[in-house]
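The numbering used here applies: residue 814 is where the sequence shown begins, and numbers increase by one.
Here a beta-carbon is modelled for each residue, glycine too, at the ideal position from N, C-alpha and C.
The structure presented is a predicted model; accordingly, all values stated were derived computationally and were not measured.
Remarks on the structure that follows.
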Amino acid sequence: MRQQKAPHFGLLVNKMFILRLHNILESMSEVVSVRIKKETKEALERSGIDISLVTRNYLERLAWKSRRIKNVKELHRLIEKNVKPSGKGFSVESIREDRDSAH
């Protein structure tokens, strides 16, 4: 009979971390209530749509997009503040240098 190897300690730690993180994130959730027409709710339920899941996914994507927009705006601000435009003819000179150094 073959002996089973004990799982690698690092994998156990990773699994424990992921489970703990999942528990923390789940405990940090909030309840959001939305009022919709009764006919709308019934139509969605008849179609087999999980309203809670769809709403949660939509709001999470919206929050993600909102954070990305904020981050991009901050990057643009930093670039405008700290990066000066290249001088006239820089591109031509740079390409010429690259071509000349290849030979």
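Residue i, DSSP secondary structure in three states
i, result
"Val885", "helix"
"Val905", "helix"
"Val867", "helix"
"Pro878", "Here residue 878 is Lys; the residue named in the question, Pro, does not match the sequence. Looking at Lys878 - three-state DSSP - the assignment turns out to be helix."
"Lys894", "helix"
"Arg848", "coil"
"Glu843", "coil"
"Ile831", "helix"
"Ser860", "coil"
"Ser899", "coil"
Residue j beta carbon less than 9 Å from that of residue i
i, j, result
"Leu888", "Val845", "no"
"Lys854", "Ile864", "yes"
Cβ distance (whole Å) where residue i is taken to contact residue j below 8 Å
i, j, result
"Thr868", "Val847", "7 Å"
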